[in-house]
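Novice:
In the UniProt record's numbering, the protein residues as written are 1 to 95.
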């Protein structure tokens with residue numbers, strides 16, 4: 001069986017404890033797939049790059065990011081360029 005763990009990408013998500021638990025699970029023989037978000041860093045990078053995020057709200061009140069090509073590139077920079085790299089380094093540091 002494979003355990004799927006999702007780490008949110010919002011502000012204030014502390015990954016250290018989550019990574020420690022994942023390392024313990026793997027050391028105990030569990031198979032783990034780790035998914036992660038990147039919304040907070042995407043927002044920060046977007047502001048720095050002069051491309052503020054556009055949000056849309058559905059009739060039911062659900063708010064989502066409008067993702068055009070430039071936003072997708074910024075999201076990729078945040079997720080693949082920094083967040084994923086940091087999480088992999090933390091996991092490698094725990095064996």
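Backbone N, C-alpha and C fix where the C-beta goes; we use that ideal spot for every residue, glycine too.
Just so we're clear, the structure is a prediction, and the values are computed from it rather than from any experiment.
Can you check which of these residues, 5, 11, 27, 4, is closest to residue 92 by C-alpha distance?
Specialist: For this step, residue 92 is matched to residue 92 along the chain shown. Minimum Cα distance to residue 92 is reached at 27.
Novice: Hey, would you say residue 96 sits closer than 8 Å to residue 57, going by beta carbons?
Specialist: The displayed coordinates of the chain run from 1 to 95. Any statement about residue 96 would go beyond what the structure contains.
Novice: Is the separation between the beta-carbon of residue 74 and that of residue 51 shorter than 8 Å?
Specialist: Here residue 74 refers to the residue found at position 74 when the chain shown is read from its first residue. Here residue 51 refers to the residue found at position 51 when the chain shown is read from its first residue. Result yes, Cβ atoms of residue 74 and residue 51 sit closer than 8 Å.
Novice: With a cut-off of 8 Å on the beta carbons, I'd call residue 25 and residue 87 a contact; round off their distance for me.
Specialist: Against the chain shown, residue 25 aligns to sequence position 25. Against the chain shown, residue 87 aligns to sequence position 87. Not confirmed; about 15 Å, so no contact.
Novice: To the nearest angstrom, how far is it from the Cα of residue 90 to the Cα of residue 14?
Specialist: As a working note, residue 90 is residue 90 in the chain shown. As a working note, residue 14 is residue 14 in the chain shown. Cα to Cα, residue 90 sits roughly 12 Å from residue 14.
Novice: Grab me the residues of residue 8's own chain with a C-beta within less than 7 Å of its C-beta, minus the 5 sequence neighbours each way, in chain order.
Specialist: By one-based count along the chain shown, residue 8 stands at place 8. Cβ within range, chain order: 37.
Novice: If you drop the 5 nearest sequence neighbours on each side, which residues of the same chain put their C-beta closer than 7 Å to that of residue 79?
Specialist: Locating residue 79 in the chain shown gives position 79, counting from the first residue. Excluding residues within five positions, the ones whose Cβ falls inside 7 Å are 38.
Novice: In this structure, how does DSSP classify residue 104 when only helix, strand and coil are distinguished?
Specialist: For residue 104 there is no data in the structure shown, the boundaries of the chain being 1 and 95.
Novice: Just tell me which of 61, 29, 65, 59 has its CA closest to the CA of residue 46.
Specialist: Working through the chain shown from its first residue, we reach residue 46 at position 46. The shortest Cα separation from residue 46 among 61, 29, 65, 59 belongs to 65.
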